Amino acid sequence: MTHIRRVPEPLTMRDRRLAFDEGPRIMGVLNVTPDSFSDGGLYADPRAAVEHGLRMAADGADLLDVGGESTRPGAEPVSAGEQLRRVVPVIRGLREAGLSVPISVDTRLAEVAAGALVAGADAVNDVSALRDDPELAAVVREYRAGLVLMHMQGTPATMQREPQYEDVVEEVAAFLGARVEAAAAAGVGREYLAVDPGIGFGKTTRHNLLLLKHLDRIKALGRPVLLGVSRKRFLGELLGEDCPGRRLFGTAAAVAWAALAGAHILRVHDVKEIAQVVMVCRAIVDAK
Ligand code: HH2
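For any residue, its number in my numbering is found by taking its place in the sequence shown, counting from 1, and adding 967.
Below is the structure:
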């Protein structure tokens, strides 16, 4: 339970650096979509989105993840033009309002990444781990942006049909290791890279639980580990709770486990509450 102390180097994102020596950092989810699984439509208006982003930063978010495409199971892709129309005004608005924390853009497309980086984003959160758009690595390299490489089996449209693994932990770790090498070979320095086992992306509840239980194997890749457990379906399945907004305690339990197991970035919707969970975990670990 003291894994929290094993600290990788800071994650570099353009001119910003996110350090992990004071425990896990919180990434606030800012979905500018009509159809995200738990908050779709709530922040479709740019002003509401900017206000929510600023609120999350005030509540303790160390970075914000702005997305214009839902990747929930069954979701269809959203065009680059539509993603840009959704995310650029929000990223610009956040910067104009003086937001100082890093912003990542949740996209698989180079064109969206470039537009978001010009508007003031610092990193790209790519759930395809550079597999969907061959131009994305060059954009990340050119802007010296941070890059999250996430594991997914299948595509959002198909991934929950019948996910199958011989050994989910080994396969996900091997995939992420290979994607780190692919990103490095494409000229993206390792200090810009974080990895994510992709909770809920082509995984059963059992697969998700095993990945959380054996987080050490993902940490052994030596890159900061991002985890997105917030309000997800596996919690709903464990708790018998269909409504994503009522999965806060389940989210808190998974986050507490992840914090103590040494995850570095926790991607969550309920920033204020989860910041409290992380504070208590840290206080216990740091007690002398
Ligand atoms: N989960 C979601 C979206 N993006 N990115 C990373 N790196 N890791 C995740 O676990 C992750 C992610 C899904 O959550 P949400 O954004 O709330 O929903 P939707 O995809 O429906 O917009």
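Quick reminder that beta carbons are idealized off the backbone N, C-alpha and C, glycines included. Nothing here was measured: the structure is a model prediction, and the numbers come from that model.
#1: To the nearest whole angstrom, what separates the beta carbons of residue 1047 and residue 1002, a pair I think is in contact under 8 Å?
#2: State the beta-bridge partners of residue 1162 as determined by DSSP.
#3: Measuring alpha carbon to alpha carbon, tell me which residue in 1178, 1110, 1030 and 1115 is nearest residue 1139.
#4: Mind reading off the beta-carbon distance from residue 1074 to residue 1036? Whole number of angstroms is fine, and I expect it under 8 Å.
#5: For residue 971, does the three-state DSSP call read helix, strand or coil?
#6: Identify, in the order they occur along the chain, each residue of the same chain with its Cβ nearer than 7 Å to the Cβ of residue 968, setting aside the five sequence neighbours on each side.
#7: Would residue 1119 pass as a contact of residue 1169 if the rule is Cβ separation under 8 Å?
#8: The beta strand (DSSP E) that contains residue 1253, what's its start and end?
#9: Can you tell which of 1092, 1018, 1045 and 1088 has the C-alpha that lies nearest to the C-alpha of residue 1124?
#10: Nearest-angstrom Cα distance between residue 1254 and residue 1076?
#11: Quick one: does the C-beta of residue 1201 sit closer than 7 Å to a heavy atom of ligand 1?
#12: Give me whichever residues DSSP pairs with residue 998 in a beta bridge.
#13: Drop a sphere of 10 angstroms on the beta-carbon of residue 991, count the other beta-carbons inside from all chains shown, and report buried for 16 or more, exposed for fewer.
#14: Is the beta carbon of residue 1076 within less than 7 Å of some heavy atom of ligand 1?
#15: Residue 1163: beta carbon under 7 Å from a heavy atom of ligand 1?
#16: Could you tell me the alpha carbon to alpha carbon distance between residue 971 and residue 1056, rounded to whole angstroms?
#17: Quick one: grab the DSSP three-state call for residue 1126.
#18: If I follow the unbroken beta strand (DSSP E) through residue 1171, where does it start and stop?
#19: Give the DSSP-derived three-state secondary structure of residue 1074 in the structure shown.
#20: Using a Cβ-Cβ cutoff of less than 7 Å, which residues in the same chain neighbour residue 1174 once the five nearest sequence positions on both sides are dropped?
#21: Are the segment 1093-1101 and the segment 1006-1023 touching, with three or more C-beta to C-beta distances below 8 Å?
#22: For a test of the three-state rule: what should DSSP assign to residue 1183, helix, strand or coil?
#23: For my contact list, residue 1092 and residue 1115 are in at a C-beta cut-off of 8 Å; report their separation, rounded to the angstrom.
#24: Thinking C-beta only, is residue 985 closer than 8 Å to residue 975?
#25: Am I right that residue 1087 and residue 1059 are in contact with their C-beta atoms under 8 Å? What's the rounded C-beta distance?
Taking the coordinates as given:
#1: The residue you call residue 1047 lines up with position 80 of the sequence shown. The residue you call residue 1002 lines up with position 35 of the sequence shown. Rounded, the Cβ-Cβ distance is 17 Å, inconsistent with contact.
#2: Position 195 of the sequence shown, counted from the start, is the residue given in the question as residue 1162. In the DSSP output, where bridge partners are listed per residue, residue 1162 has 1116 and 1192.
#3: Position 172 of the sequence shown holds residue 1139. Checked all of 1178, 1110, 1030 and 1115; the closest Cα to residue 1139 is 1178.
#4: As a working note, residue 1074 is residue 107 in the sequence shown. As a working note, residue 1036 is residue 69 in the sequence shown. Distance from residue 1074 to residue 1036 at the Cβ level is roughly 7 Å; contact confirmed, criterion being Cβ atoms closer than 8 Å.
#5: Taking the sequence shown and counting its residues from 1, one reaches residue 971 at position 4. With a pLDDT of 49 at residue 971, under the threshold of 50, the predicted position of this residue should be treated as unreliable, and no value is reported.
#6: In the sequence shown, counting from the first residue as 1, residue 968 sits at position 1. In this prediction, residue 968 has a pLDDT of 45, which is less than 50 and means its spatial position is unreliable; what the coordinates show is noted afterwards. The answer, listed in chain order, is 1227.
#7: Residue mapping note: residue 1119 aligns to position 152 of the sequence shown, counting from 1. Residue mapping note: residue 1169 aligns to position 202 of the sequence shown, counting from 1. Taking C-beta atoms as the reference points, residue 1119 and residue 1169 count as a pair closer than 8 Å.
#8: As a working note, residue 1253 is residue 286 in the sequence shown. Element bounds for residue 1253: not the beta strand (DSSP E) but the alpha helix (DSSP H), 1238-1253.
#9: Numbered from its first residue, the sequence shown carries residue 1124 at position 157. Considering only alpha carbons, the answer is 1045.
#10: As a position in the sequence shown, residue 1254 is number 287, starting the count at 1. As a position in the sequence shown, residue 1076 is number 109, starting the count at 1. Near 44 Å, if we compare the C-alpha coordinates of residue 1076 and residue 1254.
#11: Reading the sequence shown from its first residue, position 234 is the one you call residue 1201. No, the Cβ of residue 1201 stays beyond 7 Å of every heavy atom of ligand 1.
#12: For the purposes of this step, residue 998 is identified with residue 31 of the sequence shown, where counting begins at 1. According to DSSP, which records beta bridges pairwise, residue 998 is partnered with 1034.
#13: Taking the first residue of the sequence shown as 1, we reach residue 991 at position 24. That one is buried.
#14: Counting from one through the sequence shown, the residue named residue 1076 turns up at place 109. No; taking the cut-off as 7 Å, the Cβ of residue 1076 has no heavy atom of ligand 1 nearer than that.
#15: What you label residue 1163 is simply residue 196 of the sequence shown in a count that begins at 1. Answer for residue 1163: yes, Cβ within range of ligand 1.
#16: If you number the sequence shown from 1, residue 971 lands on position 4. If you number the sequence shown from 1, residue 1056 lands on position 89. At residue 971, the pLDDT of 49 sits below 50, so the modelled position is not reliable; the number obtained from the coordinates is stated separately. One C-alpha to the other measures close to 37 Å.
#17: In the sequence shown, residue 1126 corresponds to position 159, counting from 1. Reduced to three states, the DSSP call for residue 1126 is coil.
#18: Reading the sequence shown from its first residue, position 204 is the one you call residue 1171. Note, residue 1171: premise wrong, no beta strand (DSSP E); not H, not E.
#19: Walking along the sequence shown from the start, residue 1074 turns up at place 107. If DSSP states are grouped into helix, strand and coil, residue 1074 belongs with coil.
#20: Along the sequence shown, read from residue 1 onward, the residue named residue 1174 stands at position 207. Apart from sequence neighbours up to five positions away, the residues of its chain that approach residue 1174 with a beta-carbon distance below 7 Å are 1130, 1132 and 1135, ordered along the chain.
#21: no
#22: As a working note, residue 1183 is residue 216 in the sequence shown. Looking at residue 1183 - three-state DSSP - the assignment turns out to be helix.
#23: Indexing the sequence shown from 1 puts residue 1092 at position 125. Indexing the sequence shown from 1 puts residue 1115 at position 148. Yes, residue 1092 and residue 1115 are in contact; Cβ-Cβ is about 4 Å, under 8 Å.
#24: Residue numbering aside, residue 975 sits at position 8 when the sequence shown is read from its first letter. Residue numbering aside, residue 985 sits at position 18 when the sequence shown is read from its first letter. Their beta carbons are not under 8 Å apart, which means residue 975 does not touch residue 985 by this criterion.
#25: Position 120 of the sequence shown, counted from the first residue, corresponds to residue 1087. Position 92 of the sequence shown, counted from the first residue, corresponds to residue 1059. Right, the Cβ-Cβ distance comes to about 6 Å (below 8 Å), so this counts as a contact.
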